[in-house]
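Following: one structure in structure tokens, then a few remarks.
Protein chains: 4
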Amino acid sequence: MAQEELKKRKRSDYKFHLEYRTRWSDNDMYDHMNNSIYYFLFDSIVNTYLIAHCSLDPPTSSQIGLVVHSHCDYFAPVGFPAVVDLALRVNKLGKSSVTYEIGVFERGKEQVKAVGECVYVFVDRETRKPMAEGIEPLKEGLGKVIAEKAHI
Amino acid sequence: MAQEELKKRKRSDYKFHLEYRTRWSDNDMYDHMNNSIYYFLFDSIVNTYLIAHCSLDPPTSSQIGLVVHSHCDYFAPVGFPAVVDLALRVNKLGKSSVTYEIGVFERGKEQVKAVGECVYVFVDRETRKPMAEGIEPLKEGLGKVIAEKAHI
Amino acid sequence: MAQEELKKRKRSDYKFHLEYRTRWSDNDMYDHMNNSIYYFLFDSIVNTYLIAHCSLDPPTSSQIGLVVHSHCDYFAPVGFPAVVDLALRVNKLGKSSVTYEIGVFERGKEQVKAVGECVYVFVDRETRKPMAEGIEPLKEGLGKVIAEKAHI
Amino acid sequence: MAQEELKKRKRSDYKFHLEYRTRWSDNDMYDHMNNSIYYFLFDSIVNTYLIAHCSLDPPTSSQIGLVVHSHCDYFAPVGFPAVVDLALRVNKLGKSSVTYEIGVFERGKEQVKAVGECVYVFVDRETRKPMAEGIEPLKEGLGKVIAEKAHI
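Protein chains in written order, with this note's numbering: chain A, 177 to 328; chain B, 177 to 328; chain C, 177 to 328; chain D, 177 to 328.
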């Protein structure tokens, strides 16, 4: 999607929200949160949602989600000691893969700081092969955060 | 201090509290927060307190705090997606150094998970030499979180 | 670029190489290097090249490079204790921005594990505004790692 | 041990050596490797040794090593893009616990930068209880890096 469109994202464009306190070490030498840290946060909100609302249990579930693609557009800096508001939605729900979009906001501020997407493929824990219907057990929970106009 | 004593630490033994949400990547292969992550959290509560209550501004203040010693005793595991309650106190306040103690608790649980100490020496930002009275500008704020019976 | 094309990348498609030992904490609960860690490695090879071959000095240079976009395609897992061979090239060199491509290989293995791109905009250290000719002082060094057929 | 003694550590005081390239994100806002990162490196050399020389296989071995105590004394800074030489020895070998000492040196420089210790207790993977003879299968390998005059 065009950066111009993503830059207009609002908290209300997302369905699940989670706040995260930044850490001292998130800031790199340029005194702002390092670009890589955003991906740590993406993983965190995605897995928190899967555990809390889709019955995923990472140490034991038979399927595990592996990231096959991720990207992020950075619009404005944020950094320690700010609190960030993460916002999640599902943009695409396939048979064995899910595309999540995550918006990063700063507490108390309206404008979005960064927007990213991660594509997870669900594979069998043992064989690490995609499971034909890997999403099935998670579908009810994921269905609740699907973006309007998303490709399902 | 003896591990037996530290193991009895309660939230009320500390003067400043800050909650931190754990991240997916905090857990290592053994499905619990990696031991190194605790030190990231120690740095985070210490610097949050210095910024919020002692007027420290990391990118510009003339003195900066460097860690010269740190240690931690781990009593019980905690891990993603738990929220941890960090708790801070000053155990010793020298002319250019401060010894902080941090307790790590899990939200909703009473027993302490880990207790650590970090010794920061305040040095001049440019020369990186200890400042004779480096603590002076921070003293009022630090004084408020000194542990009873601490060595001042 | 199509994933099928990227999947065929060889070490010889890149101009600068740097090996990195993985760390215990790079592996997440699924016993492979977490997807976010790749971005730490991208930053590391880019900045190593800029420091070693383009005279960038991160703590003092008047321009600093901020990431405005990054993405990565993951083809096969790699994890601790493997050593990874990072490979770098410049895909696009603008007036104030540079697009780097990084390939991640595992020592002793031929097939590429992941390929990513990062777009850095060079801004003035103080104002954090893009510098019209921010790339100028780095251009000679960057020119040496430009990909054939890249957009310059 | 007294800091004065530790500060005199030489590479030859250790039995196993491993070099690690620092990463961009290792440096914090003060332009040197953040104190917490040292513990990531400690874990990395310890587990590399256990895997390479003691037949430990972290994803499947019946015993796993949990850190119950760690500490570090920092003598001089080191930071990206330096390469660090890690050095390992066993200071104490108990029935179910091992005390490792790690020295951190910078490539090309003699003086030690930091020295730390980590105490690992080997527990059963399932019950997470200490294994009476947890060290037994690792003993031959660990025996080769025991410090002279160590407590065995």
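We put the beta carbon where it would ideally sit given N, CA and C, even for glycine. This one's a predicted model, so the numbers in the text were calculated from it and none came from an experiment.
Looking only at D:Asn-203, D:Cys-230, D:Ser-220, D:Leu-226, the smallest Cα-Cα distance to Asn-210 of chain B is reached by D:Ser-220. Taking 7 Å as the cut-off, the Cβ atoms of Asp-249 of chain A and Leu-182 of chain A count as close.
When the five nearest sequence neighbours on each side are left out, the beta carbons in the same chain lying within less than 8 Å of the beta carbon of Asp-202 of chain D are those of Met-209, Asn-210, Ile-213, Gly-255, Phe-256, in order along the chain. Residues of chain A with a Cβ closer than 8 Å to the Cβ of Tyr-196 of chain B are, in chain order, Arg-197, Arg-199.
The closest CA to that of Glu-302 of chain C, considering only C:Ile-240, C:Ile-322, C:Arg-185, is found on C:Ile-240. If you ignore the 5 residues before and after Pro-306 of chain A, its C-beta comes within less than 6 Å of the C-beta of Ser-272, Val-297, Val-299, all in its own chain and listed in chain order. For the C-beta of Met-205 of chain C, the chain B residues within less than 7 Å are, from N- to C-terminus, Asn-203, Met-205, Asp-207. The C-beta of Asn-211 of chain B comes no closer than 7 Å to any C-beta of chain C. For Val-222 of chain C, the uninterrupted alpha helix (DSSP H) segment begins and ends at 211–229. For Gly-279 of chain B, there is no enclosing alpha helix (DSSP H); the enclosing beta strand (DSSP E) covers residues 273–282.
Between Phe-216 of chain B and Arg-199 of chain A, the CB-CB gap stays under 7 Å. Note on Ala-308 of chain D: under 16 other CB atoms within 10 angstroms of its CB, so exposed under the neighbour-count rule. Here DSSP, grouped into helix, strand and coil, assigns Gly-241 of chain B to strand.
A Cβ of chain D is located within less than 7 Å of the beta carbon of Ser-220 of chain C.
Under the three-state reduction of DSSP output, Pro-313 of chain D falls in the helix class.
Comparing C-alpha distances from Leu-232 of chain D to each of D:Ile-322, D:Lys-325, D:Pro-313, D:Ala-323 shows the shortest one belongs to D:Pro-313.
Contacts with chain B (Cβ-Cβ distance below 9 Å) from the region 223–242 of chain A involve Asn-223, Thr-224, Ile-227, Ala-228, Pro-234, Pro-235, listed in chain order. Comparing alpha-carbon positions, the option among B:Lys-186, B:Glu-180, B:Gln-179, B:Ala-178 lying closest to Ala-323 of chain B turns out to be B:Lys-186. For Glu-195 of chain A, no alpha helix (DSSP H) segment is defined; the enclosing uninterrupted segment is the beta strand (DSSP E) at 192–197.
Looking at C:Glu-316, C:Val-288, C:Leu-226, the one whose alpha-carbon comes closest to that of Ser-188 of chain C is C:Val-288. What Phe-216 of chain C touches in chain D, judged by beta-carbon distance under 8 Å, is Arg-199, Trp-200, Ser-201, going in chain order. Nearest to Ser-238 of chain D by alpha-carbon distance, out of B:Arg-304, B:Tyr-206, B:Leu-318, is B:Tyr-206. Out of C:Thr-236, C:His-247, C:Lys-191, the CA that lies nearest to the CA of Phe-218 of chain C is found in C:His-247. Contact check for Ala-258 of chain C and Tyr-190 of chain C: beta-carbon distance about 19 Å, past the 8 Å limit, so the pair fails to qualify.
For Pro-257 of chain B, the nearest beta carbon of chain A is closer than 7 Å to its own beta carbon. Sequence-distant partners of His-193 of chain A (beyond 5 residues in either direction) whose C-beta falls short of 8 Å from its own C-beta, in its chain, are Arg-187, Asp-261, Leu-262, Ala-263, Leu-264. Under the DSSP assignment, Glu-180 of chain B falls outside any beta strand (DSSP E), being part of the alpha helix (DSSP H) whose first and last residues are 179–182. Of all residues in the region 246–278 of chain C, only Ser-246, His-247, Cys-248, Asp-249, Tyr-250 come within less than 7 Å of chain A when Cβ atoms are compared, listed by chain position. Taking C-beta atoms as the reference points, Glu-293 of chain B and Glu-316 of chain B fail to come closer than 7 Å.
Contact of Val-295 of chain C with chain A is not assigned, every C-beta pair being separated by 7 Å or more. DSSP, read as helix, strand or coil, puts Asp-300 of chain A in strand. Cβ-Cβ distances below 6 Å link Val-222 of chain D to Tyr-276 in the same chain, with the five nearest sequence neighbours on each side left out; the list follows chain order.
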